[in-house]
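Trainee: There's a structure below that I have some questions on.
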Amino acid sequence: QLFVFVVSAMLAGLAGALYVPQVGIINPSEFSPLFSIEIVLWVALGGRATLYGAVIGAILVNYAKTIFTGIMPDAWLFALGALFVLVTVLLPKGVAGLLGHLKRRKEDDHPPKEAAA
Numbered sequence: 006q007l008f009v010f011v012v013s014a015m016l017a018g019l020a021g022a023l024y025v026p027q028v029g030i031i032n033p034s035e036f037s038p039l040f041s042i043e044i045v046l047w048v049a050l051g052g053r054a055t056l057y058g059a060v061i062g063a064i065l066v067n068y069a070k071t072i073f074t075g076i077m078p079d080a081w082l083f084a085l086g087a088l089f090v091l092v093t094v095l096l097p098k099g100v101a102g103l104l105g106h107l108k109r110r111k112e113d114d115h116p117p118k119e120a121a122a
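Quick note: the sequence shown, position 2, residue 7 per the numbering used here, numbers continuous.
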């Protein structure tokens with residue numbers, strides 16, 4: 006466990022060292038709890054089991070952020086909380102789990118045809 010902790014800390018340090026030259030300056034606001042909550046919601050909304058689920062979740066959350074902050078910028082944090090509760094209750098496996106379920110259901114409706122002998 007200690008080895009895994011050390012490796013993850015090294016990777017986080019390397020990521021930070023590579024991030025600074027890209028942006029030029031680091032502000033404390035970039036490490037706000039809001040950003041951490043958004044990242045957790047990316048994974049929860051998209052689905053924890055797959056990588057493409059997290060990508061889908063990131064796209065959906067950032068699109069919602071763009072739309073919602075234009076309408077009511079002060080309420081974005083409350084919207085994130087509500088979205089997290091809804092996703093946890095209604096979509097426990099996220100969008101990727103929902104897509105997988107629909108795919109399996111479609112395959113069950115159309116069983117493969119047996120080859121004629």
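A virtual CB, placed ideally from N, CA and C, is assigned to each residue, including glycine.
Is the number of C-beta pairs between the region 33-46 and the region 85-95 that are closer than 8 Å three or more?
Mentor: Result yes; three or more Cβ-Cβ pairs closer than 8 Å.
Trainee: Would you tell me roughly how many angstroms separate the C-alpha atoms of residue 113 and residue 96, rounded to the nearest one?
Mentor: In a straight line, the C-alpha of residue 113 is about 21 Å away from that of residue 96.
Trainee: Counting along the chain, where does the alpha helix (DSSP H) carrying residue 10 start and finish?
Mentor: Run containing residue 10: 7-28, per the alpha helix (DSSP H) assignment.
Trainee: Would you decide whether residue 50 is buried or exposed? Buried here means 16 or more other CB atoms lie within 10 Å of its CB.
Mentor: With 16 or more Cβ atoms within 10 Å of its Cβ, residue 50 is classed as buried.
Trainee: If you draw a straight line from the alpha carbon of residue 29 to that of residue 108, how long is it in whole angstroms?
Mentor: Straight-line Cα distance between these residues: approximately 45 Å.
Trainee: In whole angstroms, give me the CA-to-CA distance for residue 16 and residue 24.
Mentor: Answer to the nearest angstrom: the Cα atoms are 12 Å apart.
Trainee: What residues in its chain sit with their C-beta under 8 Å from that of residue 100, if we drop five residues either side in the sequence?
Mentor: 50, 51, 52, 58, 61, 62 and 65.
Trainee: Just mark residue 12 as buried or exposed, buried being the case when its beta carbon has 16 or more other beta carbons within 10 Å.
Mentor: With fewer than 16 Cβ atoms within 10 Å of its Cβ, residue 12 is classed as exposed.
Trainee: Kindly indicate which residue of 73, 89 and 10 has the alpha-carbon position closest to the one of residue 41.
Mentor: Selected option, being the one with the closest Cα: 89.
Trainee: Out of 79, 68, 72 and 55, which has the shortest C-alpha to C-alpha gap to residue 98?
Mentor: Residue 55 is the option with its Cα nearest to residue 98.
Trainee: Just mark residue 94 as buried or exposed, buried being the case when its beta carbon has 16 or more other beta carbons within 10 Å.
Mentor: So residue 94 counts as exposed.
Trainee: Put residue 31 into one of helix, strand or coil per three-state DSSP.
Mentor: Of the three classes helix, strand and coil, the one that applies to residue 31 here is coil, per DSSP.
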